[in-house]
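For the sequence shown, the tail end lands on 220 under full-length UniProt numbering, and the numbers increase by one without skipping.
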Amino acid sequence: MDSSSDKNNMDASSDGNVSFRPDIFDPRNWDALDSKAIDILVEKGPKRDLTIKKGRKDKNKRCFSLIFYTRVLPNGEKCDRDWLVYFRELDKVFCFCCKLFRKGHGKGHLPSEGFNDWAHISIRIREHKTSVEHVLNMVTWYDLRLRLQKHQTINCVAQRQLEKEKDHWRKVLFRILLMVKFLAKHNLAFRGTNSTLYQDNNGNFIGLVEMLAEFDPIIG
Numbered sequence: 001m002d003s004s005s006d007k008n009n010m011d012a013s014s015d016g017n018v019s020f021r022p023d024i025f026d027p028r029n030w031d032a033l034d035s036k037a038i039d040i041l042v043e044k045g046p047k048r049d050l051t052i053k054k055g056r057k058d059k060n061k062r063c064f065s066l067i068f069y070t071r072v073l074p075n076g077e078k079c080d081r082d083w084l085v086y087f088r089e090l091d092k093v094f095c096f097c098c099k100l101f102r103k104g105h106g107k108g109h110l111p112s113e114g115f116n117d118w119a120h121i122s123i124r125i126r127e128h129k130t131s132v133e134h135v136l137n138m139v140t141w142y143d144l145r146l147r148l149q150k151h152q153t154i155n156c157v158a159q160r161q162l163e164k165e166k167d168h169w170r171k172v173l174f175r176i177l178l179m180v181k182f183l184a185k186h187n188l189a190f191r192g193t194n195s196t197l198y199q200d201n202n203g204n205f206i207g208l209v210e211m212l213a214e215f216d217p218i219i220g
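See the structure below:
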């Protein structure tokens, strides 16, 4: 951390004492931020160093790659996974919105202590993206961003992009709720013997997600 960021993390009190504020861009601090700090972080957005093409290799010679930030749709269109953040110091990726807005402990490592099983990162990202908790946290994130920017001059293109992303996550949530409703209506079990995409016996819910992903760009 450079001297300028050190200054940003210090406050001088009236009695001359210096108090340190946590670095709001450090994922380790996201669980403990107050509402004002959360507003500032949401306004600025998470820091992602795009000069880091690859992370350090693990014992299996696998590592973080910059390509994890991009999702390729079935039609070839590329979308930024703006919620995914790689923190070099820990060599882990985090879900920005889930770690910031989660209720309780959350499921998996992306919204908590971070994820670095690089051999399974692609499948884990897809599983996390289609979870109800993630979709709700994405909507919360985009709603807050729009509210904070409402009283500012915002580029029309950026405004449309925010609305587009917000609409996307509402559509994802709608599909998930339809799948849940279908399984409940027909009294079908949700879970299988494992909860991993594209593996045998992973249950009816994940099976429906896999089926929709074949032709629906919203889920794919």
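C-beta: ideal position from N, C-alpha, C; glycine also.
- Taking a contact as a CB-CB distance under 8 Å, the pair Val93 and Leu110 counts as one, their CB atoms being some 7 Å apart.
- In terms of Cβ geometry, Cys97 and Trp141 form a close pair [threshold 7 Å].
- Shown here for Trp83: same chain residues with a beta carbon closer than 7 Å to its own, the five before and five after excluded, namely Cys95, Phe96, Cys97 and Met138 in chain order.
- Each residue's CA atom was taken as its position, placing Met211 and Leu197 some 11 Å apart.
- The C-alpha of Val42 is placed about 12 Å away from the C-alpha of Lys99.
- Put simply, the backbone Cα of Lys181 is about 14 Å away from that of Arg191.
- Counting along the chain, the unbroken beta strand (DSSP E) around Leu84 starts and ends at Leu84 to Phe87.
- Closest option to Tyr69, judged by alpha-carbon separation, among Asp80, Gln149 and Leu178: Asp80.
- DSSP lists Lys54 as the bridge partner or partners of Ser65.
- Counting only residues of its own chain and dropping the five nearest sequence neighbours on each side, Asp31 has a CB closer than 8 Å to the CB of Lys99.
- In the DSSP assignment, Lys99 falls within the unbroken alpha helix (DSSP H) covering Phe96 to Phe101.
- Listed as beta-bridge partners of Thr196 by DSSP are no residues whatsoever.
- Cβ atoms of Gly114 and Leu144 stay farther apart than 8 Å, at about 23 Å.
- Taking 4 residues as the shortest admissible run, the region 15 to 47 contains the following complete alpha helix (DSSP H) segments, listed from N- to C-terminal end: 35 to 44.
- Taking 7 Å as the cut-off, the beta carbon of Ile67 is found no closer than this to the beta carbon of Val132.
- Leaving aside the five residues that flank Ile52 on each side, the residues in its chain whose CB is nearer than 8 Å to its CB run, in chain order, Phe64, Leu66, Tyr86 and Arg88.
- DSSP places Asp143 in the helix class (H, G or I) of the three-state scheme.
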